[in-house]
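Visitor: Encoded as structure tokens, here's the structure I'll be asking about.
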Amino acid sequence: MPCPPNTPPPCPGGGDTEISIDRSGKAYYADLAALVTLKTATWSPEAHSMDTGLIASGDQGINGFDRQWFAMWDPVERPNDYTGPLPVNYLSFAEAAAGCCQAADYSLNGIDYTGPTEEYSISNDGPLVIDDEPGIVLQAVTLNDLTDVGVAILSRDPAHPDDPALKNAQLVQAADTDDQSQGSNTRLLFPVIALDKQDTAYLVWGTRNDDKTESQDPNAWQIWYAYAPKPWTSWSSPVKLSSAPSNQNVMPWAVAGANGRLAVVWYGTSDSTHDPSTKDVHQPWDVYLATVTNADTPIPTISQIKVTRHPMHYGTICLEGLGCITVEGNRNLADFFQVDKDPRDGALVITYNDTSNELIQVPPPTEAVDHRGAAQVMIVRQNGGVGLFGTTVSGDPRTGSRLGDATGDAQFDPVYAGPNVPELDLTKLQVANAKDGSNDLIFKVSVSSLDDLDHALTATGAEAVDYVARWTGPKVKDPETGLKNPLYYAAVEVQPGGLTSFYAGGAQSIDLCSVSACTPHVLNYPAPPQGGVFVTGQRKLAGGDSPDTWIIRVPRSAVGNPPVGSLMESLSAFALARNHSASVPITNAEAQAGITPVEVDGVCCIDAKV
């Protein structure tokens with residue numbers, strides 16, 4: 000990606016990546032660059048090509064950028080009152096340097112953005128949704144006061160039906176958080192918004208209260224919603240969604256489906272006596288989900304469940320943004336959380352981070368304070384019950400002992416459609432207890448072909464290739480910090496000449512630093528002497544067109560001594576191409592430069608009982 004003008008690589012800053020996808024499958028990206036500009040990119044699935052760009056002209060460069068949001072306008076049917084080009088990718092961002100305003104831009108190609116076409120004054124910005132028929136964009140916001148939650152209604156100029164630019168901003172207040180919890184505001188992190196099929200809008204927010212905890216005010220640190228039918232200028236009274244044992248809560252996100260069906264997720268903790276952003280008592284956090292029917296009426300039905308099997312985070316969840324460095328708050332979750340629906344059947348899909356491994360580099364980086372917990376990106380999909388379309392959904396089971404994967408997808412360069420590498424093409428992962436009474440764990444990693452191991456190296460240019468099975472183990476108590484759920488692995492590595500080694504152990508992290516302190520950025524599955532222990536294994540060739548298999552035998556003592564009958568959560572397998580053996584450490588300089596193992600194929604995920 001290009002850097003800002005007069006700035007040599009590597010570009011400073013970055014993050015808050017926003018992505019939208021049009022109906023052709025073309026993906027649009029924007030990434031922050033030091034709050035100065037946005038790096039932009041698109042990827043075309045048909046051409047397998049990526050174009051990149053940079054916003055760096057006029058007021059855009061002067062006023063700066065922060066917290067950008069997209070809304071893709073690509074309706075199935077062209078609106079009657081619009082004659083201009085489609086699709087249109089709308090962009091809203093905070094003018095970081097100006098310090099006063101939100102701005103609206105648009106792009107027709109995903110690289111070059113026109114604007115600002117409209118500016119409006121708010122104090123906290125949330126995501127966008129779009130009503131496709133008229134092309135009206137709605138943004139969840141707080142107004143001039145952080146207590147005033149509402150919506151920005153952004154529309155085109157009807158006098159110019161060929162112009163896609165957003166020219167009008169109408170700000171509408173929906174609620175005042177002081178009415179729910181005196182002294183509260185919406186900064187945990189930002190309000191969010193969803194539209195159902197009837198175009199009823201749902202605003203969701205939280206009541207952050209820096210002076211009170213839930214034990215002092217039962218409405219502090221809670222999740223709320225209000226609804227409004229089109230044209231979204233008259234809002235319902237707030238409805239409280241969160242309840243015990245989710246006592247204090249942060250980072251809500253929402254999605255709507257059929258008329259009156261709403262789903263809201265958040266991170267919740269049972270702790271009710273400490274400020275969750277700044278007071279670290281190793282409090283446990285889980286993902287909670289509230290599904291709401293009749294959400295567009297005064298008598299909604301709310302059902303709350305805990306989604307996660309084990310806490311996905313321990314300690315504070317810092318909400319101070321760049322200020323987290325000054326309060327030594329943990330920002331490892333990186334403001335990363337979302338719920339969406341499967342467009343095929345309305346099944347809920349929740350994406351979140353799991354830092355419960357409590358990993359930290361040893362020794363840690365020498366820069367600012369380092370925070371424990373490597374963020375694993377987790378996806379949970381609803382596999383039963385009623386989805387957001389009001390119909391029954393189904394899906395893969397959550398527990399089992401084996402996983403399958405399609406053949407032919409081990410492309411070393413999938414963006415540009417490289418050839419399949421059969422020696423890295425995973426087809427199946429199995430785990431079982433040994434039948435000889437030892438209670439050893441037997442992993443079987445099946446691959447399309449293991450006949451020519453050197454081809455895996457030459458096809459990728461790697462010095463070593465690793466086949467890694469990875470999982471989250473049962474909780475253990477760390478004498479220094481408290482509970483955690485460690486990451487374990489079992490692996491086989493192949494080096495030139497067919498040199499093969501089998502090993503297993505606990506994952507390690509390489510920590511990198513930014514304006515929000517240091518955090519684990521890269522997960523590593525090391526071979527002795529850098530980590531783990533040697534175990535036994537073999538290559539089993541099936542012959543013909545049948546897949547070949549790596550068999551890895553792992554004593555339980557090598558992976559935390561899990562009790563018989565315990566779960567290996569999120570068991571998965573990866574084929575990795577490395578620039579050097581896993582027995583050699585990945586340096587911080589390599590990690591900073593992106594010289595890390597490349598995942599060529601993977602198979603994911605299941606909770607296995609062993």
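Going left to right, the sequence shown walks through residues 0 to 609 as numbering that gives the first Met the number 0 numbers them. Just so you know, even glycine gets a beta-carbon here, dropped at the ideal spot from N, CA and C. As the structure is a computational prediction, the values presented were derived from the model and not from experiment.
Can you give the beta carbon distance from R577 to Y524, rounded, assuming they're within the 8 Å contact cut?
Guide: Not confirmed; about 10 Å, so no contact.
Visitor: May I ask you to report which of helix, strand or coil DSSP gives H579?
Guide: It is coil, neither helix nor strand.
Visitor: Using a Cβ-Cβ cutoff of less than 7 Å, which residues in the same chain neighbour E366 once the five nearest sequence positions on both sides are dropped?
Guide: Caution is warranted here: a pLDDT of 48 is assigned to E366, below 50, making its placement in the model unreliable, and no coordinate value can be reported.
Visitor: Write down the C-beta distance between T113 and A164 rounded to the nearest angstrom, noting that I regard them as a contact closer than 8 Å.
Guide: About 7 Å separates the two Cβ atoms, so the contact holds.
Visitor: Hey, out of Q429, P133 and G83, whose CA is closest to K443's CA?
Guide: Taking only the C-alpha atoms, the option nearest K443 is Q429.
Visitor: Expressed to the nearest angstrom, what Euclidean distance is found between the alpha-carbon atoms of A590 and D510?
Guide: In a straight line, the C-alpha of A590 is about 8 Å away from that of D510.
Visitor: Quick one: what's got a C-beta closer than 8 Å to T459's C-beta in the same chain, skipping five residues either side?
Guide: Answer for T459: F411, V420, L423, A576, V597 and V599, listed in chain order.
Visitor: Please report the distance separating the alpha-carbon of K427 from that of L288.
Guide: In a straight line, the C-alpha of K427 is about 32 Å away from that of L288.
Visitor: Beta-carbon within less than 6 Å of Q282's beta-carbon, same chain only, minus the 5 sequence neighbours each way: which residues are those?
Guide: So the list reads T268 and D270, once near-sequence residues are dropped.
Visitor: Do you know whose CA, among S245, A581 and N587, lies nearest K305's CA?
Guide: Ranking the options by Cα distance to K305, first place goes to S245.
Visitor: Starting from the Cα of S233, find the closest Cα among Q172, N208 and A219 and give me that residue.
Guide: Per the Cα distances, Q172.
Visitor: Let me make sure I understand the geometry here. Which of P78, Y226 and E213 has the alpha-carbon closest to that of D162?
Guide: For D162, the nearest C-alpha among the options comes from P78.
Visitor: Identify the continuous beta strand (DSSP E) that holds C323 and give its terminal residues.
Guide: No beta strand (DSSP E) holds C323; the alpha helix (DSSP H) holding it covers C323 to V326.
Visitor: Consult DSSP for E213 and reduce its assignment to one of helix, strand or coil.
Guide: Note: E213 maps to coil in three-state DSSP.
Visitor: If you draw a straight line from the C-alpha of T457 to the C-alpha of Q507, how long is it?
Guide: About 28 Å.
Visitor: Pull up the distance between the alpha-carbon of K239 and that of A333, whole angstroms please.
Guide: Each residue's Cα considered, the two are about 26 Å apart.
Visitor: Which whole-angstrom value describes the C-beta separation of Y119 and A70, a residue pair presumed to lie in contact below a C-beta threshold of 8 Å?
Guide: About 15 Å; that fails the 8 Å criterion.
Visitor: I121 and D395: beta carbons closer than 9 Å?
Guide: Cβ atoms of I121 and D395: not closer than 9 Å.
Visitor: Under 8 Å Cβ to Cβ from G497, same chain only, skipping five residues before and after it: list those, please.
Guide: Within the same chain, G497 has close Cβ partners L452 and D453.
Visitor: To the nearest whole angstrom, what separates the beta carbons of V191 and A174, a pair I think is in contact under 8 Å?
Guide: Actually they do not touch by this definition, with Cβ atoms about 14 Å apart.
Visitor: Please report the distance separating the alpha-carbon of V602 from that of T548.
Guide: Rounded to the nearest angstrom, the two C-alpha atoms are 14 Å apart.
Visitor: I'd like the list of long-range same chain contacts for D455, defined as Cβ closer than 7 Å, with 5 residues on each side in sequence excluded.
Guide: Sequence check: residue 455 is Ala here, not Asp. Hits under 7 Å: V420, E422, L423, V464 and V493.
Visitor: Thinking C-alpha only, which one of H520, R538 and A489 is nearest G530?
Guide: Closest option to G530, Cα to Cα, is A489.
Visitor: Among V348, G403 and G399, which one has its Cα closest to the Cα of G383?
Guide: Looking at the Cα atoms, V348 is the closest of the given residues.
Visitor: Can you tell me where the alpha helix (DSSP H) holding D453 begins and where it ends?
Guide: Its alpha helix (DSSP H) spans residues L452 to T459.
Visitor: How many angstroms separate the CA atom of D144 from the CA atom of T176?
Guide: Roughly 10 Å separates the two Cα atoms.
Visitor: So, G559 versus G472, is the Cβ gap smaller than 9 Å?
Guide: Contact: yes.
Visitor: Between A431 and G536, what straight-line distance do the alpha-carbon atoms span, to the nearest angstrom?
Guide: Approximately 14 Å, taken between the alpha carbons.
Visitor: Cα-Cα, which of A374, L37 and A102 is closest to H520?
Guide: The candidate whose alpha carbon is nearest that of H520 is A374.
Visitor: Determine whether the beta carbon atoms of G134 and W72 lie at a separation below 9 Å.
Guide: For G134 and W72, yes; Cβs fall inside 9 Å.
Visitor: Our contact map puts S241 next to Q221 with C-beta atoms below 8 Å; I'd like the distance itself, whole angstroms only.
Guide: That belief holds up - the Cβ atoms of S241 and Q221 are roughly 5 Å apart, short of 8 Å.
Visitor: What residues in its chain sit with their C-beta under 6 Å from that of G314, if we drop five residues either side in the sequence?
Guide: Closer than 6 Å at Cβ, skipping near neighbours: D279, H281 and N329.
Visitor: Could you say which of E45, I585 and S91 lies nearest to V361 if we only look at CA atoms?
Guide: Among E45, I585 and S91, the Cα nearest to that of V361 belongs to I585.
Visitor: Using 8 Å for Cβ pairs, my map puts L31 next to D65. What's the rounded Cβ distance?
Guide: Sure, about 7 Å apart at Cβ, within 8 Å.
Visitor: Among N167, D178, T116 and E76, whose alpha-carbon lies nearest the alpha-carbon of P237?
Guide: Closest option to P237, Cα to Cα, is D178.
Visitor: Taking the runs of the beta strand (DSSP E) that are 3 residues or longer, which of them lie wholly in the region 405 to 492?
Guide: Here the runs fully enclosed are 425 to 432, 440 to 446, 463 to 471, 475 to 477 and 481 to 483.
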